[in-house]
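Going line by line, the protein sequences match chains U and D.
In terms of numbering that gives the first Met the number 0, the first sequence opens at residue 0 and continues consecutively.
In terms of numbering that gives the first Met the number 0, the second sequence opens at residue 0 and continues consecutively.
Backbone N, C-alpha and C define an ideal beta-carbon position, used for all residues, glycine too.
All values derive from a computational prediction rather than experimental measurement.
Protein chains: 2
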Amino acid sequence: MSLTADRGKVEAADRPTLYKQIRHDIETSILTGEWPPGHRIPFEHQLMARYGCSRMTVSKALSELAQADLIERRRRAGSFVRRPQHLSAVLKISDMRAEITALGRSYGYQLFRCVRRAATSADCARLGVRKTGKVVAIACRHSADNVPFAIEDRLIDLDSVPEATTADFAVEPPGSWLLHHVPWTEAEHTISAVVADERTAAALGVAIGAPCLVIDRYTWRSARTLTAVRLHYPGDTHRLVARFKGG
Amino acid sequence: MSLTADRGKVEAADRPTLYKQIRHDIETSILTGEWPPGHRIPFEHQLMARYGCSRMTVSKALSELAQADLIERRRRAGSFVRRPQHLSAVLKISDMRAEITALGRSYGYQLFRCVRRAATSADCARLGVRKTGKVVAIACRHSADNVPFAIEDRLIDLDSVPEATTADFAVEPPGSWLLHHVPWTEAEHTISAVVADERTAAALGVAIGAPCLVIDRYTWRSARTLTAVRLHYPGDTHRLVARFKGG
DNA sequence: TTGACAGATATGTCTAGACATATAATCGTG
DNA sequence: CACGATTATATGTCTAGACATATCTGTCAA
Numbered sequence: 000m001s002l003t004a005d006r007g008k009v010e011a012a013d014r015p016t017l018y019k020q021i022r023h024d025i026e027t028s029i030l031t032g033e034w035p036p037g038h039r040i041p042f043e044h045q046l047m048a049r050y051g052c053s054r055m056t057v058s059k060a061l062s063e064l065a066q067a068d069l070i071e072r073r074r075r076a077g078s079f080v081r082r083p084q085h086l087s088a089v090l091k092i093s094d095m096r097a098e099i100t101a102l103g104r105s106y107g108y109q110l111f112r113c114v115r116r117a118a119t120s121a122d123c124a125r126l127g128v129r130k131t132g133k134v135v136a137i138a139c140r141h142s143a144d145n146v147p148f149a150i151e152d153r154l155i156d157l158d159s160v161p162e163a164t165t166a167d168f169a170v171e172p173p174g175s176w177l178l179h180h181v182p183w184t185e186a187e188h189t190i191s192a193v194v195a196d197e198r199t200a201a202a203l204g205v206a207i208g209a210p211c212l213v214i215d216r217y218t219w220r221s222a223r224t225l226t227a228v229r230l231h232y233p234g235d236t237h238r239l240v241a242r243f244k245g246g
Numbered sequence: 000m001s002l003t004a005d006r007g008k009v010e011a012a013d014r015p016t017l018y019k020q021i022r023h024d025i026e027t028s029i030l031t032g033e034w035p036p037g038h039r040i041p042f043e044h045q046l047m048a049r050y051g052c053s054r055m056t057v058s059k060a061l062s063e064l065a066q067a068d069l070i071e072r073r074r075r076a077g078s079f080v081r082r083p084q085h086l087s088a089v090l091k092i093s094d095m096r097a098e099i100t101a102l103g104r105s106y107g108y109q110l111f112r113c114v115r116r117a118a119t120s121a122d123c124a125r126l127g128v129r130k131t132g133k134v135v136a137i138a139c140r141h142s143a144d145n146v147p148f149a150i151e152d153r154l155i156d157l158d159s160v161p162e163a164t165t166a167d168f169a170v171e172p173p174g175s176w177l178l179h180h181v182p183w184t185e186a187e188h189t190i191s192a193v194v195a196d197e198r199t200a201a202a203l204g205v206a207i208g209a210p211c212l213v214i215d216r217y218t219w220r221s222a223r224t225l226t227a228v229r230l231h232y233p234g235d236t237h238r239l240v241a242r243f244k245g246g
C-alpha cells in the first residue's frame, strides 16, 4: 500500500478498474499482515487523494471488502481490519459426477434400489416433516475408474419435489438430477466418521471395520425439506478439501 | 417481487435503505424458486422505474447479489439467476475452547509435549518448506466436561512465527494462541476418517479400531506456511456441522 | 462529578448525469 | 445460406455533488 496515484486517465486500458485496484491494494496489505487486525484503514478522503478519484469509487472498494468480512466500517470512526474470529472454510461439494471427472477419472453409476412409496414414520422423522406424503427412497453407488467411490442413501419428498415422481434415477444420479432441476436451496451438512458394517463394506469394497467418512445432508427451500442424503466414503482414500480463508 | 414503488421520500425513516430493499426482494424471488436458475432479472431501467430511483441504486443491489454468486451479470444480455454448480457449505471452525464452551460444557486442556528444535526433513515436508529452520512440535488434548474431545498434533514454523518462541503453550492452547496473535491467514482443510491406533485410542479414551474424524489444517500467509495441525476426534460422538448455502 | 447538549466528522445512501465496453441482433454481401 | 461488419443495448465504471445518520469530543450547567 505504498503506491501513489498516477492514474493517467489516457492509458488506463490494461489495468483493472480503479476500484478493483484499490480493493486489491488494501486486501494485500491485510493479507500480508502489514495491516494487522484492528488497524485503521486510511479514511475515504485520504484514499480519494491518493488515487485521485471520487468518494464513490473508494466507497465501492471498501464496501466490497466489508461484504467479504475483511474489514469493518464504523461511522465517524473509520474502517478497520477485522479480527478473524474463527477459521471458516468453504467446503464445495459438487455433484458426484463433476467431482470425479474433475479428478480426471471415469465416472460410473449404479442404482441399487429406487422405491416410490407413502412415507413411513421413520421417513418423516428423517425428513423432519410431520404429515405423511409420498417419498422416493434411493440407494446407489458412484465409482471412479470402476472402483467404488461413495455409496448414497437418499430420501426425496415427492410433495415438495413433484417432478421427481417421473424422473428416471436409473439413468441420472439423484444428486445430479436434483442439482439441475431444483433451484436454490439451503443445506446443512453433518460430517462424522464410522466403521464399515457388513452391508457398507460390501458395497464399498472395503473390509468390515474399515473407516468411513459419512456426510449427512439435509436440503430444504423456505422451510420445506426437499431431500435427506447420507453418503459413505472409504475414509482412508477419500479426502474432503476445504480451502480459504481466515475470518 | 410484486410491490410497486411508493418510496415516499419523506417518511423513508424506518424501512431499510432502498438498495437493500431491492436486494432483498430479488433474493426472495430467487430463494423461493419463483425465479428459477437462468431466469432473467428485470433490466436495471425497469427496476429504476419500479422503485423510482436512479441506476446507481439498482446497480448497487445487483452488484452485491453478483458478489454473493446469486446472480450473473452479462453485458448487453442482462442479469440472470445463477445455476447452482455445487453445494458450497461454510464450515466454521472456532478454536477449541470457544467450540466447547459454546456447547455449554467445561473446557479442559492438557499439554502432552512441546519441543522447540531444528526442523527435520519430515517437518519440512509436512510444512511444505524447503530450508530447515526452527520449529515447535506440540501434542495436546482438549476435553469437554473432563471427557477427551480431540487430540492435537501441531507443528509451528518459528521462522514465520517468531513470537511463538516465547509463548507458553502449557497455559494457552496453541490454536487459541495463534488465532489471537497471528492475523489474517489462509488455510486448507483436509477431512478424512481413520480407525484409532493404539496411541490415539489411549489419548482419546476410545477402543483401538474405533472410528476417528481427522482434520488436517495447513495455515499460511503470503505463501509461507505458518503451521500444520492434525486433529483427531472420536468419530462416533463428534460432528462437524456446515450450514448454508446453495450455490 | 456528572449529565445534557451542541458541534465535528466519517461513513451511508442517493442522484443525474457521463463515457466505456462487451455482445446480441441485425443487415449486407458474397 | 454463411459470414463479416454494423448497430443497438445493457451493463461497468466513474464523477461531483447532496443530505442523512451514527458517534466521538468538547463545553457548559446542575
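- Close to chain U, meaning a Cβ-Cβ distance shorter than 7 Å, are the following residues of the region 17 to 33 of chain D: Ile29, Leu30, Thr31, Gly32.
- Distances from the CA of Val213(D) to each of Glu26(D), His23(D), Pro233(D) were compared; the closest alpha carbon is that of Pro233(D).
- Spatial neighbours of Glu43(U) in its own chain (CB-CB distance under 6 Å, excluding positions within 5 residues in sequence) are listed in chain order as Arg54, Val57.
- With its beta carbon less than 8 Å from one in chain U, Pro35(D) belongs to the interface.
- Just measuring C-alpha positions, the residue of Glu197(U), Ala169(U), Pro83(U) sitting nearest Ile29(U) is Pro83(U).
- The beta-bridge partner set that DSSP reports for Tyr108(U) consists of His141(U).
- Taking Val205(D) as reference, the option from Asp156(D), Tyr217(D), Ile150(D) with the minimal CA-CA separation is Ile150(D).
- With a threshold of 8 Å between beta carbons, Trp176(U) makes no contact with chain D.
- Going by C-alpha positions, Met95(D) is about 16 Å away from Thr226(D).
- Listed along chain D are Gln66, each with a C-beta nearer than 8 Å to that of Glu63(U).
- Secondary structure note for Gly32(U): it is in no beta strand (DSSP E), with a DSSP letter that is neither H nor E.
- Straight-line spacing of the CA atoms in Ser142(D) and Leu203(D) works out to 9 Å.
- Residue pairing for Cys113(U): DSSP places it in a beta bridge opposite Ile137(U).
- Ala186(D) is positioned such that its CB atom lies no closer than 8 Å to that of Ala67(U).
- By the rule that beta-carbons nearer than 8 Å mark a contact, His188(U) touches chain D.
- One Cα belongs to Asp158(U), the other to Arg229(U), and the distance between them is close to 20 Å.
- The Cβ atoms of Asp144(U) and Arg104(U) sit closer than 8 Å to each other.
- The residue among Ala60(U), Arg198(U), Ile40(U), Cys52(U) with its C-alpha nearest the C-alpha of Arg140(U) is Arg198(U).
- Interface annotation, Val194(U): in contact with chain D, CB-CB separation under 8 Å.
- Within the same chain, Arg39, Ile40, Phe42 come within 8 Å of Gly77(D) by CB-CB distance, once the 5 residues on both sides are set aside.
- Straight through space, the alpha carbons of Leu64(D) and Arg22(D) are spaced by roughly 7 Å.
- Contact between Asp122(D) and Leu154(D) holds: their C-beta atoms lie close to 6 Å from each other, under 8 Å.
- With a cutoff of 8 Å on beta-carbon distance, Arg112(U) and Lys133(U) are scored as not near each other.
- Along the region 90 to 107 of chain D, the positions whose C-beta sits under 8 Å from a C-beta of chain U are Leu90, Lys91, Ile92, Ser93, Asp94, Ala97, read in chain order.
- Put simply, the CB of Arg54(D) is far from chain U, with every gap to its CB atoms at 8 Å or more.
- Going by beta carbons, Arg81(D) and Leu69(D) fall inside the 8 Å limit.
- One Cα belongs to Pro182(D), the other to Thr27(D), and the distance between them is close to 36 Å.
- What Pro173(U) touches in chain D, judged by beta-carbon distance under 9 Å, is nothing: the nearest beta carbon there is about 13 Å away.
- Residue-level contact check: Cys139(D) does not touch chain U, since none of the beta carbons of chain U fall below 8 Å from its beta carbon.
- Residues Cys211, Val213 of the same chain have their beta carbon placed closer than 7 Å to that of Val193(U), with the five preceding and five following residues left out of the count.
- Beta-bridge partners of Pro83(U) (DSSP): none assigned.
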